[in-house]
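The structure under discussion appears below in the form of structure tokens.
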Amino acid sequence: MDRVVVYVESKVHPTESVEKILSAISNVFPTIRPQVDLEKGEVRGSAEGIEALTKLYNLLRREQIRDAARSVLRKGVEG
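Here this note's numbering is used: position 24 in the sequence shown is 24, and no number is missing along the way.
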């Protein structure tokens with residue numbers, strides 16, 4: 001199996017709470033420890049391994065939004 005690396009990044013706008021963005025990321029990707037760069041207005045993080053996607057997978061199954069999520073995720077896949 002290929003190596004899986006999950007990258008997460010988010011813009012931080014002046015009106016947004018950095019803590020809320022970090023909380024949202026950790027709610028979906030608990031193994032990612034994002035770094036905040038306020039000069040660039042970004043939050044970025046990464047994790048290796050399929051287990052980084054476990055919580056996202058479980059959320060998609062529970063909410064039954066797999067088809068909608070699949071089309072969105074395909075737009076952001078690099079490979």
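For glycine and all other residues, C-beta sits at the position ideal for the given N, C-alpha and C.
Here the structure is a predicted model, which means the values were calculated and not measured.
Legend entry - Same chain only: Cβ atoms within 8 Å of Asp37, ignoring 5 sequence neighbours per side: Val43, Arg44
Inset, instruction - Assign Ile25 to one of two classes, buried (16 or more other C-beta atoms within 10 Å of its C-beta) or exposed (fewer than that). - result: buried
Inset, instruction - Report the rounded CA-to-CA distance for Val5 versus Ala52, giving the unit in angstroms. - result: 8 Å
Inset, instruction - Take the Cβ of Pro14 as the centre, count every other Cβ of all protein chains shown within 10 Å, and call the residue buried at 16 or more, exposed below. - result: exposed
Inset, instruction - May I ask you to report which of helix, strand or coil DSSP gives Ser17? - result: coil
Inset, instruction - Alpha carbon to alpha carbon, how far is Pro34 from Tyr57? Give it in angstroms, no decimals. - result: 20 Å
Legend entry - Distance, Ser23 Cα to Gly79 Cα: Only weak support is given to the placement of Gly79: the predicted model assigns it a pLDDT of 48, under 50, and the value that follows is read from those uncertain coordinates. Roughly 28 Å separates the two Cα atoms.
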